[in-house]
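First comes the structure, then the notes that go with it.
Protein chains in written order, with my numbering: chain U, 193 to 738; chain L, 11 to 455.
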């Protein structure tokens, strides 16, 4: 079923625009069925062995198999109406092989032994067909088998177990709060993901994983009837690798700034009320005077700038040219890494890759080619020191093991290099948001992510936001609108003036980051503390038509 | 499930409906079979084959709707999916915007959306095509990355009020980027067809090769307002925001570029140059599309922009009933009228300007004015006195397609093109635009 058809049948049509890039094809099931445990590991091991043995018997020198049950739940409302409640399940098996030195892949949703063996044979035959177009055989970094192991997202409460009525009541309450605070329209949604993945390989690993993610979000619109102008304000939530506990806001997780900011849990009602007011404030706000400004970027905004300007250019497959036809290549070429002195940023800039970070979207025990996950430095004291790699790339960096960055968005998609959590480390000196603001003479404080665009080698970017506040002589001087900033990645990260300390560190993230042909989705978090960037170019985005 | 004929699909769906106990029941059946191959660094990287089929059952009691899907087609599974949809309908909250299912519809004669040659593409065909493309790349001492995908399938629907619809389709998409080994030049080409016989992989790769070689050592021009020639692959990614923005409800609600104060709309107003006419037509010979939509409405020829005037908006059935107008569905693909000049003639008649091969990473900056941002990519050239003089460094733009279509200078011959952003097909002419706003330079190649 095509994505557009799915959105149509599931009634998610209108909400679909907010869910761009999400994988959302599967069978629609009831909420109760989503709680069924699915096949047990003994059954999955038996199916995996059928696939691995069939692949070997057809001539594969390596094979891995992924048996995936992917559960999604969407609850979507607008104003006083429930638009839809949809549960989906996608269950099947994908097998990847190396034969004659080339990769081959096939997938099936028919899980009898014959169909599994047929898929394995198809993968081997595709590998052999493609071997004539190879330049050099695939070279896999060594990986020991782990035997039978398992990993689970450490959730406190499975969000799929929360009754639908409780979710609907929450969202309708959120809508009511925003409308009472002045919003004209609001769409709100809860999006839940549970990936139940079983991986096995000819290396001798049998890995069972149970991964949970949650994303509460809303989109508020306020219209000035007299002028016909309208403004929007989106939620400041962070999609998270958590259970329902993310929805129980703890007072200690709230940071009081010009609006309430959230750390490891979220008060959706409070944020909706603030959004209703702030969308109205935006209509009355001053249109920004273009020019040079210092920027104070909140983690709810900065995660996206990190994602686009650090996460993507340090993907080794882009650096090597594998994404040249679509997502693009990277300005962080191997010679810059080899020089050991490429100033990606100034000395304050330390950026780590981390696939273990609790609460993050990218947290997992093992990646989709059976490599145990870990953490490593990407930018150290401003210098480019590493990339993100998978097994068939590790030798290019002289590494003798993969960094565990392989992921597929479905059993039916072939796994490839995807971004782990990539995060800016907090400042070492004790500094609060206010400490940063008070050192700015002329600046803009930006909260929330907005419009975003970056070139295919990740030099030139432009970002908007949700809330913009003018800073004059160390003080907040009122709200601005029509703000976007443009910069160049290396200049931008060399303009860091200060980073708040660890007490301000928060995660943001992308629930559906797109890459590859055919496109696949990935979920990834980016942490940071509020950060001061000096002297950025700010443009005014207001235009008049008709 | 195999590829069912119209009669076979009708028999299967009739059986599904026979299990229904709901007030209303609708069945959508889809099947698609296809494959893809991807290459980079002048060698194949990944490839796969994907077959998918799905049966969607929508059951309604009053204004309560339940939807369930299944991909197994034995009698027990078919009955199970109907029961599941009915259970979900009983549990669902009443939807005040629910519309009763349609009765029998009259559709235009089927259009040529299916070509057997495209349905016959296999792994060997894809590997052979890749080999042709790689040969062009290697002959020109360039580095290729490309992607070929094909699909063939059918869609059918039937409901308890007697509606039945069936359509078959095929599609093949090809795109390739060639780069110089030192990374100083890059060129791109993309093609998409219903009929694979029209696809010439080697010719498309040669276009990308020529652009890659010609774009080496680009010079920097100051950002600012320039006359540009947007090739169809560049223009389509801007124009599709207009195509997607014709929704009546968001316009009436006051949150569209077509809204006016007090709930009024710009319907009937001239917003663009009078040479701008944009329409959709399932029977278009270059880009045939289905004569019915996923919710069973007939898909007819609709003019959205007529000589610069906003002529029609698209409606959901609920919103159309509320507004007491015809429920015109949104387009499956849009077509923009053009002129008689080839791209080469447009270049030859340009005194000073910039030729744009491709625009990339397009994002909405302001929905009120439809202001978009993005960048040029894979072949940007300076034109002087009718000739391409030298390659120029890529730019970021901030521009509204509405403003752009007011600054229209000339239109070329329309051609079928695949959007590199939405992957939708459209028919778009090359366009020469005055005062296109480039706001900064990019070092990307």
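Even for Gly, the Cβ is constructed at its ideal location relative to N, Cα and C.
Here the stretch 285 to 292 of chain U makes no contact with the stretch 411 to 427 of chain U; the two share fewer than three CB pairs at distances below 8 Å.
Per DSSP, the continuous alpha helix (DSSP H) segment holding residue 249 (chain U) begins and ends at 233 to 249.
With fewer than 16 other beta carbons inside 10 angstroms of its own, residue 228 (chain U) counts as exposed.
Judged by DSSP secondary structure, residue 135 (chain L) falls within the alpha helix (DSSP H) whose first and last residues are 133 to 149.
Listed as beta-bridge partners of residue 407 (chain U) by DSSP are U:383.
According to the DSSP assignment, residue 648 (chain U) belongs to no beta strand (DSSP E), since it is labelled neither H nor E. A direct Cα-to-Cα measurement between residue 453 (chain L) and residue 276 (chain L) gives close to 40 Å.
In terms of Cβ geometry, residue 393 (chain L) and residue 357 (chain L) form a close pair [threshold 7 Å]. Of all alpha-carbon atoms in U:350, U:393 and U:361, the one lying nearest the alpha-carbon of residue 336 (chain U) is that of U:393.
Shortest Cα-Cα distance from residue 324 (chain L) to any of L:256, L:71 and L:360 involves L:256. According to DSSP, residue pairing for residue 667 (chain U) in a beta bridge involves U:664.
Nearest neighbour of residue 657 (chain U) by Cα position, chosen from U:549, U:637 and U:693, turns out to be U:637. CA-CA distance, residue 233 (chain U) to residue 283 (chain U), rounds to 15 Å. In this structure, U:296 is the residue among U:296, U:310, U:534 and U:350 with its C-alpha nearest to the C-alpha of residue 324 (chain U).
Taken through DSSP and simplified to helix, strand or coil, residue 397 (chain L) comes out as strand. Taking 7 Å as the cut-off, the beta carbon of residue 570 (chain U) is found closer than this to the beta carbon of residue 506 (chain U). Beta-bridge annotation (DSSP): residue 504 (chain U) is not paired with any residue. Interface criterion not met: the Cβ of residue 30 (chain L) is under 7 Å from no Cβ in chain U. Interface residue (Cβ-Cβ distance to chain U less than 7 Å): residue 302 (chain L) is not classified as such. Taking 9 Å as the cut-off between beta carbons, the residues of the stretch 687 to 719 of chain U near chain L are 708, 709, 710 and 711, in sequence order. For a cut-off of 8 Å, the C-beta gap from residue 123 (chain L) to residue 303 (chain L) is around 14 Å, too long to register as a contact. Annotated as distal: residue 644 (chain U) and residue 677 (chain U), with beta-carbon spacing of 7 Å or more. Under the Cβ distance rule, residue 313 (chain U) does not count among the residues neighbouring chain L, no pair being separated by less than 7 Å. Of L:447, L:417 and L:376, the smallest CA-CA separation from residue 251 (chain L) is found for L:376. In the structure shown, residue 305 (chain U) adopts helical secondary structure according to DSSP, grouped into three states. Under the Cβ criterion (8 Å, minimum of three pairs), the stretch 448 to 456 of chain U does not count as touching the stretch 685 to 692 of chain U. Along the length of the stretch 57 to 137 of chain L, whole alpha helix (DSSP H) runs at least 4 residues long occupy 85 to 101 and 126 to 129, reported in chain order. Here the alpha carbons of residue 601 (chain U) and residue 263 (chain U) stand approximately 12 Å from one another. In the three-state scheme derived from DSSP, where H, G and I count as helix and E and B as strand, residue 171 (chain L) is classed as coil. Under a 10 Å Cβ-count criterion, residue 433 (chain U) is classified as buried, with 16 or more other Cβ atoms of the shown protein chains found around its own Cβ.
Interface flag for residue 264 (chain L) against chain U is set, since a Cβ pair is found closer than 7 Å. By the beta-carbon neighbour count (other beta carbons within 10 angstroms, threshold 16), residue 119 (chain L) is exposed. Residue pairing by DSSP puts residue 46 (chain L) in a beta bridge opposite L:58 and L:159. In terms of Cβ geometry, residue 344 (chain L) and residue 163 (chain L) do not form a close pair [threshold 7 Å].
The beta-carbon of residue 292 (chain L) is placed no less than 7 Å from the nearest beta-carbon of chain U. Residue pairing by DSSP puts residue 421 (chain L) in a beta bridge opposite L:441.
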